[in-house]
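Student: Structure incoming, see below.
2 protein chains.
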Amino acid sequence: MQPDLLSRERQSQILARLEAEGRVIAADLARAFAVSEDTVRRDLRELAASGHCTRVYGGALRREAATPMATRLREAPERKAALAEALVPLFRPGMLVFLDVGSTNLAIARSIPKGMALTVATHTPVIAAMLAERAEITLILIGGRVSTGIGAALGGAAEREAARLAPDLCVLGACGIDAMGSVSAQDYDDACFKRLIAERSASVASAVTTDKLGTRAPFAILPPGGLDHLAVEADAPRDALAGLAETGITLLHADAPGEKHAKI
Amino acid sequence: MQPDLLSRERQSQILARLEAEGRVIAADLARAFAVSEDTVRRDLRELAASGHCTRVYGGALRREAATPMATRLREAPERKAALAEALVPLFRPGMLVFLDVGSTNLAIARSIPKGMALTVATHTPVIAAMLAERAEITLILIGGRVSTGIGAALGGAAEREAARLAPDLCVLGACGIDAMGSVSAQDYDDACFKRLIAERSASVASAVTTDKLGTRAPFAILPPGGLDHLAVEADAPRDALAGLAETGITLLHADAPGEKHAKI
DNA sequence: CTTCGATATGCATGTTCATGCCGATTCATT
DNA sequence: AATGAATCGGCATGAACATGCATATCGAAG
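In order, the protein sequence lines correspond to chains A and B.
Under this note's numbering, the first residue of the first sequence carries the number 1, and numbering increases by one thereafter.
Under this note's numbering, the first residue of the second sequence carries the number 265, and numbering increases by one thereafter.
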């Protein structure tokens with residue numbers, strides 16, 4: 001069936017406005033197009049689902065091509081902190097741990113217990129900057145061209161450097177993990193790097209927020225069973241975890257983010 | 265003024281202010297955005313929870329890492345910002361600029377004009393983390409073992425990587441510059457790295473606060489005449505500069521910093 | 001022409017969210 | 001120690017929201 005021309009037209013005009021002004025307000029759009037706010041909200045929902053904008057309370061904001069980590073960081077800090085705590089038991093003094101890029105991994109870096117003598121390697125400047133404060137941590141920085149969209153050193157140079165490491169533990173920043181337990185990423189170079197470092201690691205862990213469970217991104221990183229440990233949130237649905245358990249993953253359940261301490 | 269900003273936008277603008285000025289005051293923000301101070305405090309609380317700023321009584325401060333370097337930056341932020349501005353004219357679009365470690369160099373990175381398309385290389389995670397947010401800047405990260413005391417990648421691995429660069433401009437973080445214009449550093453590895461990258465650069469610049477003028481540190485970096493440009497403060501004593509001028513250095517005089525007292 | 005299915009839209013519902021206000025507490029300054 | 005401002009926690013309110021359902025529109029098949 002033919003798509004309704006009017007609604008398509010409206011959505012493209014919303015996008016045009018978004019492009020021009022950087023933001024739109026649902027109530028304004030409803031008035032401008034003489035439709036109900038519900039319709040506008042539906043439009044915004046579709047546009048957001050297809051990645052054309054970011055929905056916020058009251059309207060929508062233009063989707064920046066490269067979502068800076070500063071923005072991603074703002075999303076669910078307490079959930080990420082809780083997830084991070086769940087991974088702490090995997091750290092043992094003396095280990096070489098690779099921390100992949102990702103806002104959850106920054107939270108993980110933050111939650112490394114004070115005084116634990118780890119060697120940490122990372123290609124993510126923000127994580128390195130945070131860990132450089134910790135005198136007890138030996139920090140290995142992986143260099144290369146820093147991808148603006150991802151926020152970490154990627155590409156040939158970074159991979160050549162990373163190829164010299166054999167980490168005891170690699171903490172992947174996951175973009176998606178499907179029902180079978182295969183891990184995938186949105187960005188090609190990022191996926192290549194993740195694959196490389198995961199293969200070189202004795203053990204691979206990750207932590208995912210519930211919304212990433214059961215999703216799959218374009219570029220595969222690990223096949224089912226490739227992940228040794230996975231931290232999930234307290235509210236993760238059981239049926240999504242059932243398939244994972246069969247692959248031999250050790251599941252680490254985070255506490256509900258309400259109670260625990262929030263340290264800076 | 266009506267509070268017609270979406271909350272997400274308001275938080276972004278607060279972050280922008282924080283980035284630009286280094287601190288914000290809750291009461292000012294409440295007036296600027298026409299919301300109650302409670303709302304501003306809530307915003308600051310969220311931003312602080314996600315690690316974007318440090319809350320203080322009365323407002324918030326830009327989050328500086330607790331590295332020795334960032335600690336030093338806190339000592340005279342206005343002076344360093346003024347010094348940084350003095351070096352801006354050296355930057356031209358398309359250049360490859362190496363930013364050495366140092367608190368003043370972080371201020372310099374911050375003062376690179378918005379929209380200027382530079383390629384910046386650095387071995388300093390804090391600087392890299394700051395520049396990774398700038399889409400127009402191509403960022404090259406030099407990896408290696410991060411020295412805790414210095415806050416940058418140093419040693420063999422870092423030097424081998426840096427040896428592949430031929431920067432148009434190198435901005436050295438100086439530890440001391442004596443009356444003849446020879447530059448020196450406190451740390452051996454740091455001095456080695458500085459020497460290497462300076463020799464590979466077409467042009468070498470530095471910025472020093474007045475207290476470093478006429479001092480000498482244990483490890484030599486550059487002989488007299490090795491420095492092409494030097495930014496000095498407005499209150500730098502003339503007699504200290506007299507000897508420098510003879511070596512052929514181009515002196516860049518910073519404006520006097522505003523006389524505001526850092527109240528927070 | 002009628003009927004069907006698909007889509008778009010509006011309305012009613014219960015829920016979630018952002019905000020402002022209030023009282024109690026903490027903090028910096030005297 | 002005393003004081004006033006800043007802060008925190010809870011609460012109330014209205015706006016924005018998601019969801020389910022009913023209606024309207026339109027093209028295609030009968």
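A virtual CB, placed ideally from N, CA and C, is assigned to each residue, including glycine.
When the distance is taken between beta carbons, is Ile-197/A closer than 9 angstroms to Gly-225/A?
Tutor: For the purposes of this step, residue 225/A is identified with residue 225 of the first sequence, where counting begins at 1. For the purposes of this step, residue 197/A is identified with residue 197 of the first sequence, where counting begins at 1. The answer is no: Cβ separation not under 9 angstroms.
Student: In terms of residue numbering, what span does the beta strand (DSSP E) encompassing Ile-278/B cover?
Tutor: Along the second sequence, one-based indexing puts residue 278/B at 14. That residue, Ile-278/B, is in no beta strand (DSSP E); its alpha helix (DSSP H) goes 271-285.
Student: Counting only beta-carbon atoms, is Ala-202/A nearer than 9 angstroms to chain B?
Tutor: The count along the first sequence starts at 1 and reaches residue 202/A at position 202. Output row for Ala-202/A: interface = no.
Student: Express the C-alpha separation of Leu-403/B and Ser-147/A in angstroms, rounding to a whole number.
Tutor: For the purposes of this step, residue 147/A is taken as residue 147 along the first sequence, with counting starting at 1. For the purposes of this step, residue 403/B is taken as residue 139 along the second sequence, with counting starting at 1. Rounded to whole angstroms, Ser-147/A to Leu-403/B spans 8 angstroms at the Cα level.
Student: CA-CA distance, Leu-325/B and Ile-406/B?
Tutor: Translated into the one-based positions of the second sequence, residue 325/B becomes position 61. Translated into the one-based positions of the second sequence, residue 406/B becomes position 142. Their Cα atoms are separated by approximately 29 angstroms.
Student: Ignoring anything shorter than 3 residues or poking outside the segment 425-452 of chain B, list the beta strand (DSSP E) runs there in chain order.
Tutor: If we require 3 residues or more, the beta strand (DSSP E) runs fully inside the segment 425-452 of chain B come out as 433-436, 447-449.
Student: Output needed for Val-189/A: all residues of its chain with C-beta closer than 8 angstroms, excluding positions within five of it in sequence on either side, in chain order.
Tutor: Against the first sequence, residue 189/A aligns to sequence position 189. According to the sequence shown, residue 189/A is Asp rather than Val. Cβ neighbours of Asp-189/A beyond the five flanking positions: Ser-147, Ile-150, Leu-154, Gly-155.
Student: Let's see if you can read the secondary structure: which residues bound the beta strand (DSSP E) around Ala-324/B?
Tutor: Stepping through the second sequence from its first residue, residue 324/B is reached at position 60. Residues 323-326.
Student: Let me confirm a value: Asp-519/B is counted as buried when at least 16 other C-beta atoms fall within 10 Å, else exposed. Which label applies?
Tutor: Locating residue 519/B in the second sequence gives position 255, where the first residue counts as 1. When all chains shown are included, Asp-519/B counts as exposed.
Student: Grouping DSSP H, G and I as helix and E and B as strand, with all else coil, what is Thr-250/A?
Tutor: As a working mapping, residue 250/A is identified with position 250 in the first sequence. Reduced to three states, the DSSP call for Thr-250/A is strand.
Student: Tell me which residues share the same chain as Ala-236/A and place their Cβ nearer than 7 angstroms to its Cβ, disregarding the 5 neighbours each side in the sequence.
Tutor: Translated into the one-based positions of the first sequence, residue 236/A becomes position 236. Excluding residues within five positions, the ones whose Cβ falls inside 7 angstroms are Thr-210, Leu-213.
Student: I believe Ala-369/B touches Leu-360/B by the beta-carbon criterion, under 8 angstroms. Please report the beta-carbon distance rounded to the nearest angstrom.
Tutor: The sequence position of residue 369/B within the second sequence is 105, counting from 1. The sequence position of residue 360/B within the second sequence is 96, counting from 1. Here residue 369/B is Asn; the residue named in the question, Ala, does not match the sequence. Wrong, their Cβ atoms sit about 16 angstroms apart, outside the cutoff.
Student: With three or more C-beta pairs closer than 8 angstroms as the rule, is the segment 172-192 of chain A touching the segment 74-86 of chain A?
Tutor: Touching, no.
Student: What do you reckon, are the CB atoms on Leu-549/B and Ile-485/B nearer than 9 angstroms?
Tutor: Chain B is shown only over 265 to 528; residue 549/B falls outside these bounds and no answer can be derived.
Student: Cβ closer than 7 angstroms: which chain B residues qualify as neighbours of Pro-77/A?
Tutor: Within the first sequence, numbered from 1, the residue matching residue 77/A stands at position 77. Ala-313, Ser-314, listed in chain order.
Student: Which of the three DSSP states is assigned to Ala-526/B in this structure?
Tutor: For the purposes of this step, residue 526/B is taken as residue 262 along the second sequence, with counting starting at 1. Note that Ala-526/B has pLDDT 39, beneath the 50 cutoff, so the model's placement of it is unreliable and the number below is only indicative. Coil, per DSSP.
Student: Can you list, in chain order, the residues of its chain with a C-beta nearer than 6 angstroms to that of Leu-282/B? Leave out the 5 residues immediately preceding and following it.
Tutor: In the second sequence, the residue the question calls residue 282/B occupies position 18. Val-288, Cys-317, Arg-326, listed in sequence order.
Student: Buried or exposed: where does Arg-356/B fall if 16 or more other Cβ atoms within 10 Å of its Cβ makes it buried?
Tutor: Working through the second sequence from its first residue, we reach residue 356/B at position 92. Classification of Arg-356/B: exposed, given that the 10 Å Cβ count is below 16.
Student: Which word fits Gly-322/B, buried or exposed, when buried means at least 16 other C-beta atoms lie within 10 angstroms of its C-beta?
Tutor: Locating residue 322/B in the second sequence gives position 58, counting from the first residue. Exposed, since its Cβ has fewer than 16 Cβ neighbours within 10 Å.
Student: How many Å lie between Phe-297/B and Val-35/A at the Cα?
Tutor: The residue given as residue 297/B occupies position 33 in the second sequence. The residue given as residue 35/A occupies position 35 in the first sequence. Rounded to the nearest angstrom, the two C-alpha atoms are 30 angstroms apart.
Student: Relative to the C-alpha of Gly-176/A, which residue among Leu-230/A, Ala-117/A, Arg-238/A, Gly-94/A is closest?
Tutor: Residue numbering aside, residue 176/A sits at position 176 when the first sequence is read from its first letter. The shortest C-alpha separation from Gly-176/A is found at Leu-230/A.
Student: Let me know the secondary structure DSSP gives Gly-156/A once reduced to three states.
Tutor: Indexing the first sequence from 1 puts residue 156/A at position 156. In this structure, Gly-156/A counts as helix in the three-state DSSP scheme.
Student: Exposed or buried, what is Gly-358/B when buried is set at 16 or more other beta-carbons lying within 10 Å of its beta-carbon?
Tutor: Start at 1 with the first residue of the second sequence, and residue 358/B comes out as number 94. The residue in question, Gly-358/B, is exposed, as its Cβ has fewer than 16 Cβ neighbours within 10 Å.
Student: How far does the beta strand (DSSP E) with Ser-470/B in it reach, from first residue to last?
Tutor: Residue 470/B sits at position 206 when you count from the first residue of the second sequence. Ser-470/B -> beta strand (DSSP E) spans 468-471.
Student: Quick one: measure Cβ to Cβ for Pro-167/A and Ser-201/A, integer angstroms, because I've assumed they're closer than 8 angstroms.
Tutor: The residue you call residue 167/A lines up with position 167 of the first sequence. The residue you call residue 201/A lines up with position 201 of the first sequence. Going by Cβ atoms, the distance from Pro-167/A to Ser-201/A rounds to 4 angstroms, so yes, they are a contact pair.
Student: What do you get for Lys-458/B, buried or exposed, if any count of 16 or more other CB atoms within 10 angstroms of its CB means buried?
Tutor: Looking up residue 458/B in the second sequence gives position 194. Its Cβ being crowded by 16 or more others within 10 Å, Lys-458/B is buried.
Student: How about Ile-137/A and Ile-112/A: do their beta carbons lie closer than 9 angstroms?
Tutor: Reading the first sequence from its first residue, position 137 is the one you call residue 137/A. Reading the first sequence from its first residue, position 112 is the one you call residue 112/A. Cβ atoms of Ile-137/A and Ile-112/A: closer than 9 angstroms.
Student: With DSSP run on the structure shown, which of helix, strand or coil describes Gly-408/B?
Tutor: For the purposes of this step, residue 408/B is taken as the residue at position 144 of the second sequence. Residue state, collapsed to three classes: strand.
Student: Going by DSSP, which residues form a beta bridge with Ala-312/B?
Tutor: The residue given as residue 312/B occupies position 48 in the second sequence. Paired residues: none, contrary to the question.
Student: Who are the near neighbours of Ala-312/B in its chain, counting only those whose CB is closer than 7 angstroms to its CB and skipping five residues on each side?
Tutor: Taking the second sequence and counting its residues from 1, the one referred to as residue 312/B is at position 48. Only Thr-318, Arg-319, Ala-324 meet the Cβ criterion.
Student: Can you pull out the residues from the segment 371-393 of chain B whose beta carbon lies closer than 7 angstroms to at least one beta carbon of chain A?
Tutor: Cβ contacts with chain A come from Pro-389, Val-390, Ala-392, Ala-393.
Student: Considering only the alpha carbon of each residue, which of Leu-131/A, Ala-86/A, Val-126/A lies closest to Ala-117/A?
Tutor: On the first sequence, position 117 is the one that residue 117/A refers to. The residue with the shortest Cα to Cα distance from Ala-117/A is Leu-131/A.
Student: Straight-line CA distance for Leu-374/B to Ala-498/B?
Tutor: Here residue 374/B refers to the residue found at position 110 of the second sequence. Here residue 498/B refers to the residue found at position 234 of the second sequence. It should be noted that the sequence gives Arg, not Leu, for residue 374/B. Rounded to the nearest angstrom, the two C-alpha atoms are 20 angstroms apart.
Student: Say whether chain A places a C-beta atom closer than 9 angstroms to the C-beta of Lys-524/B.
Tutor: As a working mapping, residue 524/B is identified with position 260 in the second sequence. Below a pLDDT of 50, predicted positions are generally treated as unreliable, and Lys-524/B, at 41, falls in that range; the measurement from the model is reported next regardless. Chain A contact via Cβ: absent.
Student: Which of the three DSSP states is assigned to Ala-393/B in this structure?
Tutor: For the purposes of this step, residue 393/B is taken as residue 129 along the second sequence, with counting starting at 1. Residue state, collapsed to three classes: helix.
Student: Any C-beta of chain A sitting closer than 9 angstroms to the C-beta of Leu-240/B?
Tutor: Nothing about residue 240/B can be reported from this structure: the residues present for chain B run from 265 to 528 only.
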